[in-house]
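These protein sequence lines map, in sequence, to chains A and B. Per numbering that gives the first Met the number 0, the very first residue in the first sequence carries number 0; after that it's consecutive. Per numbering that gives the first Met the number 0, the very first residue in the second sequence carries number 0; after that it's consecutive. Worksheet: one structure, shown below.
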Amino acid sequence: MGEGKILVVGGGISGLTAAVEAAEMDYDVILIDKEPSLGGRVAQLRYYFPKLCPPTCGLEINYRRIKENPRITFYTLAQIKKIEGEPGNYKVTVEISPRYVNENCTCCGECEKVCQGERVDTFNFGLGKTKAIYLPHEHAFPMRYVLDKSALAEGDLERIKEVCKAGAIDPDMQPQTLEFNVGAIIWATGWKPYDATKMDNLCYGKYPNIITNMQMERLAAPNGPTKGKILRPSDNSVPQTIAFVQCAGSRDENHLPYCSYICCLASLKQSLYFAEQNPDGKVYIFYIDIRTPGRYEKFLNRAKEEANIEFIKGKVAKIEPADNDDLVVIAEDTLSGKRVEQRVNMVILATGMQPSLAGENIPVPLERDENGFVIPSEAKGMYSCGCARMPLDVMSSNETATAAALKAIQTLVRG
Amino acid sequence: MARIIEPDLNFVKGVIDAGGDTLKKCYQCATCAVVCPLSTNENPFPRKQMILAQWGMKEQIARDPSIWLCHQCSDCTAYCPRGARPGDVLAAIRSMAIREYAEPKILWSLYNNPAGLIVLFGVALVVVLAAILAANHGMPELEVPVKFSHGLFHGFLPVLYVDAIFLPVAGFAALIAIRGIANMWKQFTTGLDIPEAYKPTTMEMITRYIIPTFKEILDHERFKKCGVNYERFNGHRYLLYAFIVLFVVTNIVFIGADFLGFHTPWPLWNPVKIFANLGAVILIYGSVLLIQNRKAREAEGNLSGSYADWFLLYLILFIGITGLGAEILRILGLRLAYAVYIFHLMCVFVLFLGLPFSKFAHLLYRSTVMVYDRYVTDVRARMETSAPAATVVEEAAAAGEESSEEAAAEEGQQEAQ
C-alpha cells in the first residue's frame with residue numbers, strides 16, 4: 000500500500016472513471032474540473048457508444064460512487080495554477096473561480112425567472128441563450144446554479160437576491176487558492192470540437208443551417224435547445240434532407256492531421272436520430288473512407304438498414320447557399336468520376352476532436368505531442384487517459400482511465 | 000470487368016523527378032477536383048490524374064486532355080489535406096507529356112535538367128561563333144561605331160549567316176511541334192467515335208473552335224478564374240503579347256532585310272523598330288512580374304517550381320535584357336555590344352530549339368487541348384440536343400441510344416480507374 004494522493008484533472012467520463020477506480024482501491028483522490036459541473040462531453044451527447052446509452056446512464060452511477068466514497072474530494076470551476084516537486088511529492092496550486100452561489104442553493108429556479116441578463120449557452124454550443132444565473136444543465140453535478148456576473152442586467156442582482164429564499168446568492172465570493180500534495184497526476188482533460196470556422200470553404204458561421212456534429216447532438220438531446228427535435232436553426236423547420244460532411248478538419252494537414260476516430264460513427268448515429276424522427280427523410284454522407292473501428296462495422300450495417308442513407312465517396316470541399324436557406328454541397332463522386340452538387344435542407348460538419356490542452360499555455364512540466372495530446376510518463380508520475388491522450392470513444396476512454404488509475408497507484412506504491 | 004494494371008514505373012519516377020515528388024501522398028479525397036476553378040462537373044480534375052500517375056498508367060494520362068486544361072492556379076495545392084500538391088504534380092505530368100511528343104528525347108532531357116544547360120549554351124556558342132568566323136574568314140574586326148552586319152554578306156555577323164543558323168533551327172522545332180500536335184490530336188480523337196454528321200469541315204473547325212480559342216487565349220479567360228495564383232494573370236498576358244509583337248516584327252524585318260533590301264539596323268523612329276523595342280520592354284516587364292509572382296507563391300508554399308519553370312522564365316528574361324542591351328550598347332558605341340549580341344543570339348537559339356522540348360511547349364499543347372475541349376464539348380452538346388423527338392418511337396430510340404452512350408462513358412471511366 001503506497002502513500003499519497005492522486006490528482007485527476009478533468010471530470011468527464013475518463014476522469015470520473017479514473018477517480019472512482021483509484022478511490023475504490025482505497026487511495027485518496029482529488030478530482031478537479033474547470034466547468035461548473037462534472038460530466039464533460041458525454042453530458043452533452045444524446046446517446047453514446049457502444050450501446051447508445053443516454054449520458055445519465057453512465058454518469059449518474061459514477062456520481063453516486065463519488066458521493067458514497069469519502070476518499071474522493073472534487074472541485075468544480077477549478078484550474079491548475081502551478082505544479083512543483085517530483086513524482087511522489089507534487090505540490091499543486093489550484094484556483095477555484097467564484098460561483099457566486101453557495102451550497103444553500105436548492106435549485107428552485109426562482110432566480111432564473113426574474114433574471115433579465117442573458118449569456119450565450121455554451122453547453123448547447125451557442126444554440127440559444129441562458130440567463131445570467133443558470134443551471135449548467137438538467138443533470139448538473141453538483142446540482143447548483145452558477146452566476147455569470149458579466150452577463151447581469153441592471154437590477155438583476157437585487158431581484159435575484161430577493162427571490163432566493165435559501166440565501167444562496169453571494170456576489171462577494173472571492174477566487175480561492177488551494178494547495179494539495181499529491182503523488183501522481185492523471186490528465187483526463189478531454190477534447191474540444193475543432194473550430195469549424197477555420198475551414199473557410201465549408202462556410203460554418205456564414206450560413207445558419209450549417210451546424211457541427213456536437214450541435215446536432217444537442218438538437219437531438221431531450222434536454223437540448225429544441226427539446227430533442229431536430230430542427231433547422233434558420234426557421235425551426237423539420238429538415239427533410241441532411242448532408243454529413245465527414246473529415247471536416249480531420250485527416251487534414253492544414254487542420255488536424257490525424258483521424259478523429261469517432262466522427263464516422265457519430266454521423267451514422269446521428270443518421271439514426273434523424274431517421275427516428277423523420278422516417279421519410281434522406282441522409283447524404285460524403286466521406287473519404289467510412290471508418291468503423293473494431294466491431295463497430297456492425298453499426299454501419301445497422302445504420303444502412305434503419306436510415307435512408309446515400310453514401311457518396313468524395314470529400315465536400317465547397318458549400319454554396321441556395322434559396323429558402325437551403326445549401327448545396329459539392330464533391331466529386333469518385334466512384335462515378337463526376338462532380339455532384341447535392342441540395343439539402345441542413346448540413347452537419349463532422350468536425351474532429353482536438354485535445355482540450357491544444358494551444359493552451361499550461362504552467363506545468365507536461366509532455367505533449369505536436370497535436371497537443373498528453374504523453375503519459377512513468378518517470379514523471381503523470382498519466383493521461385481518454386481523449387486527452389488520443390481520440391477515442393467512451394468505452395475505450397474508460398479502459399484507458401482504469402489503466403491510468405493503476406499506473407498512478409503504482410507510482411505511489413513505488414514511492 | 001477485371002483489368003490488369005501494368006504500371007510504368009519509369010513514368011512514375013519521371014513525374015517524381017520532374018517536380019511531382021509529393022505524388023504518392025494523395026489519398027483520393029477529391030478536395031482538389033472541387034476547389035479547382037477550372038474543372039467542370041462533367042470532367043472534374045485533378046483527382047483522377049493523381050491516381051493514374053500514382054499507378055504509372057502512362058497511356059491513359061498522355062491521352063487525357065485535362066492535364067493541359069489545368070493552369071496551375073494552385074487552389075488544389077492550398078486546400079490539399081495531404082500536402083500532395085496536385086498543382087505541382089500536374090505540372091510534372093505535363094513535362095512528361097511534352098517528353099512523349101518530343102523527338103529526339105535527348106533534347107527533352109537537355110531542356111529539363113540543369114546539366115543540359117551547359118550543353119545547350121555550349122552548342123549555341125559554337126554555332127554562333129562558327130558563323131562569325133566563317134563570315135569573316137577568321138577573327139572579325141570589332142569596328143566602332145558598332146555594326147552587327149553590313150547587309151546580307153558582310154560585317155560582324157551578316158544577315159544571311161544569322162538566317163543560316165535560325166531558319167533550320169526554327170524549321171526543325173516547327174516540324175517536331177507539328178508532329179507532336181498531330182500525335183496528340185490523333186490520341187485524343189481515337190476511339191471518340193463522332194458520327195460523320197457531326198464532324199466539322201476545316202472551315203468550321205477554324206471558325207467554330209480555333210478562332211474562339213485564340214480569342215480566349217488572348218483574353219486569358221481561364222487565368223482570370225484562378226484563385227490562389229491570380230496575380231500571375233497580368234505577367235503571363237504581357238509575355239504573350241510581347242511574343243506576338245516580336246513574332247510579327249521579326250517576320251517583317253526578315254522580309255524587309257532579306258528580300259526587299261532594307262538593311263538593318265533600321266532607324267529608331269521606324270514604326271517597326273518602335274514596336275520591336277516596345278515588345279522587348281513588355282517582354283522584360285512580363286517576365287519580371289512572373290518571376291516575382293512565382294517567388295512569392297513559392298514563399299507562401301502554394302507552388303514549388305521545377306527547374307523547367309525557372310529555366311524558361313529566366314531564358315525569356317535574358318532574351319529581353321540582352322536584346323535591348325545589345326541595341327543600347329550599339330548606339331552608345333561600346334564594343335561590349337558584340338559580346339552581348341552573341342549572348343542574345345545564343346539565348347534565342349536555345350529558345351527556338353526548345354519550342355517542342357522545354358516548358359515553352361505548353362504554348363503548343365495547351366492551345367491544342369483548348370481547341371479540342373471546345374470541339375468535343377460542342378459536338379457532345381449538339382448530339383444531345385438534336386436527338387429527334389417527333390414521335391414516341393423515336394424518343395424511345397433516342398433514350399436507348401443515350402443510355403448506351405452513358406454505359407460506354409461509364410465503361411471508359413472504369414477503365415480509367
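Cβ coordinates follow ideal geometry from the N, Cα and C atoms, glycine included.
Interface criterion met: the Cβ of G82(B) is under 7 Å from a Cβ in chain A.
Each of T249(B), P45(B), Y374(B) was checked against the Cα of I205(B), and the nearest Cα belongs to Y374(B). What I329(A) touches in chain B, judged by beta-carbon distance under 7 Å, is V33, going in chain order. With the criterion set as a beta carbon lying under 8 Å from some beta carbon of chain A, the members of the region 35-48 of chain B are S38, T39, N40, E41, P43, R46, K47, in sequence order. Looking from the CA of H149(B), the closest CA among A360(B), R379(B), A134(B) belongs to A134(B).
Only those residues of the region 302-330 of chain A whose C-beta falls short of 7 Å from the nearest C-beta of chain B are listed: G313, K314, A316, K317, I329, A330. In this structure, C106(A) and L134(A) form a Cβ contact; the two beta carbons are roughly 6 Å apart against a cut-off of 8 Å. The C-beta of G84(A) has fewer than 16 other C-beta atoms within 10 Å across all chains shown, which makes the residue exposed.
Secondary structure note for D372(B): it is in no beta strand (DSSP E), and the uninterrupted alpha helix (DSSP H) holding it is 361-384. Of the residues K24(B), M49(B), W54(B), T21(B), the one whose Cα lies closest to the Cα of N9(B) is W54(B). The closest CA to that of D16(B), considering only L328(B), P80(B), D87(B), is found on D87(B).
Annotation for L15(A): N61 place their beta carbon closer than 6 Å to its own, counting only its chain and skipping 5 residues before and after.
One thing to note: N344(A) has its Cβ within 7 Å of the Cβ of D325(A).
Using a Cβ-Cβ cut-off of 7 Å, I284(A) does not count as an interface residue toward chain B, since no Cβ of chain B sits closer than that to its own. Bridge partners of I284(A) according to DSSP: F243(A), F310(A).
Shortest Cα-Cα distance from R231(B) to any of A32(B), Y284(B), I180(B) involves Y284(B). Here the region 101-112 of chain B makes contact with the region 350-359 of chain B; the two share three or more CB pairs at distances below 8 Å. Per DSSP, the continuous alpha helix (DSSP H) segment holding Y160(B) begins and ends at 158-188. Taking a 10 Å sphere around the C-beta of K312(A), we find 16 or more other C-beta atoms and assign the residue as buried. Taking the C-beta atoms as reference points, V393(A) is found nearer than 7 Å to I12(A). Taking a 10 Å sphere around the C-beta of G137(B), we find fewer than 16 other C-beta atoms and assign the residue as exposed. By a beta-carbon distance limit of 8 Å, A387(A) contacts P354(A). Their separation comes to about 6 Å. Proximity of R338(A) to chain B, defined by a Cβ-Cβ separation below 7 Å, is satisfied. For the 7 Å CB-CB criterion, R217(A) and G223(A) form a contact.
Membership of K128(A) in the beta strand (DSSP E) is indicated by the continuous run 128-130. In this structure E99(B) is buried. Its beta-carbon is surrounded by 16 or more other beta-carbon atoms within 10 angstroms. The three-state secondary structure of P211(B), taken from DSSP, is helix. According to the DSSP assignment, V412(A) belongs to the alpha helix (DSSP H) that extends over 393-413. Nearest to N250(B) by C-alpha distance, out of A275(B), A83(B), T189(B), is A275(B). Under the Cβ criterion of 7 Å, I82(A) is not counted among the residues facing chain B.
Between C104(A) and A167(A), the gap from beta carbon to beta carbon is short of 7 Å. What A29(B) touches in chain A, judged by beta-carbon distance under 9 Å, is I287, K312, G313, K314, A316, A330, E331, D332, T333, R338, going in chain order.
In this chain, V119(A) is not harboured by any alpha helix (DSSP H); it is covered by the beta strand (DSSP E) spanning 117-119. N180(A) places its beta carbon 7 Å or farther from that of K112(A).
For the region 118-139 of chain A, the set of positions with a beta-carbon nearer than 7 Å to some beta-carbon of chain B is empty.
In the same chain as V143(B), and ignoring 5 residues on each side of it, the C-beta atoms closer than 6 Å to its own belong to G332, in chain order.
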